[in-house]
């Protein structure tokens, strides 16, 4: 069950998804409660069921990997395009990788409510450390809401720059 607003002020909400197996559909109930917590934009979500916590953590890791791949391959494409003008295949390949991963992120991940959250493993960095006192002996997964607007702008801008430089270098090579 979700305890919304355990510690409440005007700017923050906490949701705790408790590991209570009171029916044979408990896992579906946990998933439903997680969806409700994500949609209500809680600043901290604590997931006690380990299976759901692991699945959510892996899903967030996939989104982070897509973002980092788009950004790093884009930056490398820009750098190689500027340094090695005579090797457009390096720049073009990296620009294409950046475009594909940025496209995957945009189409499949950007509109998922999980993209607003990051897994926090250091409990001292949690915004509501006092919540830990009411948790049981389990090792829950902590999701902290973060604004990812700058991150989206960064990887979209880098990808656009990478594609532009890659296209320019490929055009020059076949000119």
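In this note's numbering, the protein residues as written are 3 to 177. Note that beta-carbon positions come from the ideal geometry of N, C-alpha and C, so glycine has one too. Remember, it's a predicted structure, so these values are computed and weren't measured experimentally.
One or two residues paired with residue i in a DSSP bridge
{"i": "residue 26", "result": "In DSSP, residue 26 forms no bridge with anything."}
{"i": "residue 146", "result": "46 and 120"}
{"i": "residue 158", "result": "Paired residues: none, contrary to the question."}
CA-to-CA distance, residue j to residue i, given in whole angstroms
{"i": "residue 33", "j": "residue 116", "result": "13 Å"}
{"i": "residue 3", "j": "residue 119", "result": "Residue placement at residue 3 is flagged as unreliable, the pLDDT there being 45, under the threshold of 50; a coordinate-derived value is accordingly withheld."}
{"i": "residue 114", "j": "residue 72", "result": "18 Å"}
{"i": "residue 163", "j": "residue 76", "result": "7 Å"}
{"i": "residue 66", "j": "residue 148", "result": "13 Å"}
{"i": "residue 35", "j": "residue 19", "result": "7 Å"}
{"i": "residue 44", "j": "residue 81", "result": "39 Å"}
{"i": "residue 170", "j": "residue 86", "result": "13 Å"}
{"i": "residue 150", "j": "residue 69", "result": "11 Å"}
{"i": "residue 112", "j": "residue 21", "result": "29 Å"}
7 Å CB neighbourhood of residue i in its chain, flanking five on each side removed
{"i": "residue 101", "result": "161 and 165"}
Proximal residues to residue i (C-beta, below 8 Å), its chain only, five neighbours per side dropped
{"i": "residue 2", "result": "Outside the shown range of the chain, which is 3 to 177, sits residue 2, and nothing can be said about it."}
Range covered by the beta strand (DSSP E) that runs through residue i
{"i": "residue 46", "result": "46-49"}
6 Å CB neighbourhood of residue i in its chain, flanking five on each side removed
{"i": "residue 104", "result": "72, 157 and 161"}
Residue span of the alpha helix (DSSP H) that contains residue i, given as start and end
{"i": "residue 97", "result": "90-106"}
{"i": "residue 54", "result": "52-85"}
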